Every structure is written in C-alpha cells, then in structure tokens.
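First comes the structure, then the notes that go with it.
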C-alpha cells in the first residue's frame, strides 16, 4: 500500500469517525484540531492496524500528528517490516 493509499484510507476513516465529509479533512491539520478525541484516536488506530497489518501505539499519533505525517510514517514502517 502506497503512502497516497494510506493517506486516502486515513481521510476516509477520519471522516467516518468524525461524521464529516472527506473534503473537510485537511491532511495537514493536527488530529486534535480536527476534533479527534482519545477514544476516537484509539478507534482510528485499530482501523489502521487491521487495514495495514501492523502494530501501532498512541504515541505514533502524537509523534506524527497529521494525516500527512502519519501516512509517511506508516508507509515507511510497512516498507521496513520483516517478511512473514
């Protein structure tokens, strides 16, 4: 999955979680500014873990606080993970 595909999935998931349209999710805006609370963040984390088959922590979202930054991080993380 490419960074762009991951970003697109994040935007869709965030729009669903926040109950807003996709076009209102700015990929450069911090998650807390979008209205994401801690419970929503955990839900998003679970969605991403399932979709990307990787383990995440809430710290990953604080270290990479926008869709843009998180997508880059996740694409890199998937690229370097060991083969199963």
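In my numbering, the protein residues as written are 17 to 100.
Positions of the beta carbon are idealized from the N, C-alpha and C atoms, including for glycine.
A quick note: this is a predicted structure, and the numbers were derived from the prediction, not measured.
In this structure, residue 57 places its C-beta atom within 7 Å of the C-beta atom of residue 77. For residue 69, there is no enclosing alpha helix (DSSP H), as DSSP marks it with neither H nor E.
One thing to note: residue 83 has its Cβ no nearer than 7 Å to the Cβ of residue 18. Selection 81, 30 and 39 evaluated against residue 59 yields 30 as nearest (Cα-Cα). In the three-state scheme derived from DSSP, where H, G and I count as helix and E and B as strand, residue 28 is classed as helix. Residues 34 of the same chain have their beta carbon placed closer than 7 Å to that of residue 51, with the five preceding and five following residues left out of the count.
Of the residues assessed, residue 22 falls on the buried side of the cut-off, its CB having 16 or more other CB atoms within 10 angstroms.
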